[in-house]
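The numbering used here applies: residue 76 is where the sequence shown begins, and numbers increase by one.
Before any comments, here is the structure.
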Amino acid sequence: MAIILGIDPGSRITGFGVINSVGQKNEYVTSGCIRVGDGELPDRLKKIFDCVTELIETHSPQEFAIEQVFMGKNADSALKLGQARGFAIVAASLQGLPVGEYAPRSIKQAVVGKGSATKEQVQHMVQHLLKLPGKPQADAADALAIAITHANTRASLVTQAGINSYARG
């Protein structure tokens with residue numbers, strides 16, 4: 076059993092998703108968005124750090140997973156995304172959590188079955204896989220997809236190693 080916190084970093088909206096992974100089964104715990112508004116970048120980064128720290132203290136995850144930075148058309152946006160990601164990783168590291176990092180295409184491939192999946196397809200599959208009554212908000216769905224990818228990757232590695240159960244440490 077492992078509680079996993081997934082983070083979809085953003086400089087204005089950071090999605091989060093918490094699942095409980097038991098063997099091959101993933102159970103929904105909670106999800107949502109950290110909305111930091113339009114303030115100065117340092118203030119927004121601090122809010123991301125504080126909120127991720129609070130999520131860790133509230134849900135006591137054993138593992139942390141986050142999306143890797145991708146280079147889009149705007150280098151400035153990628154830099155801000157990287158900074159938001161860094162503050163979330165530091166929050167997890169200070170709490171002693173192991174950090175898993177996944178490329179956007181790998182997450183889509185793992186959850187939807189194709190690396191070019193749309194946000195709507197990710198939302199639909201997250202809803203289906205976690206048996207949710209409705210579609211989660213897009214950023215929260217992405218964070219849940221990251222947590223699911225981490226859980227499935229961990230379970231696959233444990234199976235390949237021939238270990239019957241997984242324990243941290």
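Every residue gets a Cβ at the ideal spot worked out from N, C-alpha and C, and that includes glycine.
With 16 other Cβ atoms within 10 Å as the buried cut-off, status of residue i
i, result
"Glu195", "exposed"
"Pro117", "exposed"
"Met76", "exposed"
"Leu169", "exposed"
"His225", "buried"
"Asp214", "buried"
"Glu138", "buried"
"Ser191", "exposed"
"Glu129", "exposed"
"Lys183", "buried"
"Gly114", "exposed"
"Ala150", "exposed"
"Gly90", "buried"
Simplified DSSP state of residue i, which is helix, strand or coil
i, result
"Ala178", "coil"
"Ala140", "strand"
"Asp83", "strand"
"Lys121", "helix"
"Glu129", "helix"
CB contact flag (residue i, residue j, <8 Å)
i, j, result
"Ala159", "Ile131", "no"
"Pro136", "Val197", "no"
"His134", "Leu80", "yes"
"Ala218", "Asp125", "no"
"Ala163", "Val127", "yes"
"Ser86", "Lys155", "yes"
"Ala153", "Val144", "yes"
"Ile223", "Asn95", "no"
"Ile88", "Ile141", "no"
Exercise. Are there three or more Cβ pairs, one per stretch, closer than 8 Å when the stretch 201 to 213 is compared with the stretch 158 to 178?
Worked result: Short answer: they don't touch.
For this session: Determine contact between the stretch 117 to 126 and the stretch 101 to 108, defined as no fewer than three beta-carbon pairs at a distance below 8 Å.
Result: no
Problem set entry | Within the stretch 143 to 207, ranges of the alpha helix (DSSP H) (whole runs, at least 4 residues) | Segments of the alpha helix (DSSP H) lying fully in the stretch 143 to 207: 150 to 169, 179 to 186 and 194 to 204.
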